[in-house]
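K.L.:
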Amino acid sequence: AQSVTQPDIHITVSEGASLELRCNYSYGATPYLFWYVQSPGQGLQLLLKYFSGDTLVQGIKGFEAEFKRSQSSFNLRKPSVHWSDAAEYFCAVATHYTDKLIFGTGTRLQVFP
Amino acid sequence: EPEVTQTPSHQVTQMGQEVILRCVPISNHLYFYWYRQILGQKVEFLVSFYNNEISEKSEIFDDQFSVERPDGSNFTLKIRSTKLEDSAMYFCASSPTGLMTEAFFGQGTRLTVV
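The listed protein sequences correspond, in order, to chains D and X.
Using the working numbering, read the first sequence as starting at 45 and increasing by one per residue.
Using the working numbering, read the second sequence as starting at 92 and increasing by one per residue.
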């Protein structure tokens with residue numbers, strides 16, 4: 045069965061610092077991969093997605109993610125974090141065979157001024 | 092930009108009562124979904140719906156749950172007799188093709204069962 049692991053439950057960074065949120069997936073073939081952000085009390089906003097082509101994907105709000113097949117990873121990065129990036133970040137996977145998303149447990153990002 | 096709209100944003104109900112959560116998907120979308128997120132936990136798939144029938148459902152989606160597309164615009168999730176553990180954020184999503192790469196999520200309805 046497909047699964048998604050986000051090993052970091054909580055990350056704290058200073059404003060202006062770089063950020064990398066880790067995501068590993070388990071699936072036999074190439075999955076569709078997503079990163080969502082959820083601000084406090086808000087819904088899920090899609091940051092970026094990967095399903096084929098260039099393994100480095102650009103998203104909204106200055107985020108990017110890189111698909112590494114050899115490591116079964118899809119880590120999210122941002123070169124310079126802003127205070128407004130404080131939120132919960134969810135990695136998710138979908139497959140060619142099922143029309144549902146499997147979410148990771150999320151990483152809560154805290155940003156200090 | 093088109094969006095998925097959910098109402099109400101927050102609903103409080105007494106245990107044992109029936110609740111209906113409403114969603115207006117994007118108008119040309121054909122595939123509809125409900126997910127839920129219990130506070131502090133991950134988002135979980137509940138059910139997918141296409142062509143007026145359920146295409147897939149999770150173990151969570153038991154007989155207490157039902158979905159319906161009562162007219163051309165709404166997509167509803169009904170919980171027949173709510174339990175305390177049904178307290179969660181419920182997200183609706185829609186897709187034009189059934190591919191989650193093209194799906195949009197609503198802002199969610201926070202259900203609190205007391």
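Note that beta-carbon positions come from the ideal geometry of N, C-alpha and C, so glycine has one too.
Relative to the C-alpha of S47/D, which residue among G148/D, H54/D, R152/D and G85/D is closest?
P.N.:
Of the listed residues, the one whose Cα sits closest to S47/D is G148/D.
K.L.:
In three-state terms, what does DSSP make of T96/X?
P.N.:
strand
K.L.:
Who are the neighbours of Q86/D on chain X, taking C-beta pairs under 7 Å?
P.N.:
Q198
K.L.:
Grab me the residues of P123/D's own chain with a C-beta within less than 7 Å of its C-beta, minus the 5 sequence neighbours each way, in chain order.
P.N.:
Closer than 7 Å at Cβ, skipping near neighbours: S62.
K.L.:
Quick one: Cα of S185/X to Cα of D143/D, how far?
P.N.:
11 Å
K.L.:
Closest to L88/D by CA distance: which of V205/X, A194/X, V204/X and T203/X is it?
P.N.:
Out of V205/X, A194/X, V204/X and T203/X, A194/X has the C-alpha closest to the C-alpha of L88/D.
K.L.:
Taking beta-carbon pairs under 9 Å, can you tell me which members of the segment 60–80 of chain D lie near chain X?
P.N.:
Those residues of the segment 60–80 of chain D that come within reach of chain X (Cβ to Cβ, closer than 9 Å) are Y76, F78 and Y80.
K.L.:
Of all the CB atoms in chain D, is at least one closer than 7 Å to the CB of M106/X?
P.N.:
no
K.L.:
Can you tell me whether DSSP reads K105/D as helix, strand or coil?
P.N.:
helix
K.L.:
List the residues of chain D whose Cβ lies closer than 7 Å to the Cβ of S139/X, in chain order.
P.N.:
D143 and K144
K.L.:
What is the DSSP secondary structure of T192/X, reduced to helix, strand or coil?
P.N.:
In this structure, T192/X counts as helix in the three-state DSSP scheme.
K.L.:
Classify L100/D as helix, strand or coil using the three-state DSSP reduction.
P.N.:
strand
K.L.:
Against A131/D, what residues of chain X qualify as contacts under a CB-to-CB distance less than 8 Å, listed in chain order?
P.N.:
By Cβ distance, chain X contributes nothing, its closest Cβ being about 14 Å from A131/D, past 8 Å.
K.L.:
Out of curiosity, what's the CA-to-CA distance linking E144/X and N165/X?
P.N.:
14 Å
K.L.:
How many Å lie between F156/X and G163/X at the Cα?
P.N.:
21 Å
K.L.:
For the beta strand (DSSP E) containing R127/X, list its first residue and its last residue.
P.N.:
Y122 to Q128
K.L.:
Output needed for T167/X: all residues of its chain with C-beta closer than 8 Å, excluding positions within five of it in sequence on either side, in chain order.
P.N.:
I111, L112, R113, C114, V158, E159, R160 and P161
K.L.:
Can you check DSSP and say which residues form a bridge with Q46/D?
P.N.:
Note: Q46/D sits in no beta bridge, so no partner.
K.L.:
Sorted by chain position, which residues of the same chain lie with C-beta nearer than 7 Å to H120/X's C-beta, five sequence neighbours on each side aside?
P.N.:
S185, S186 and P187
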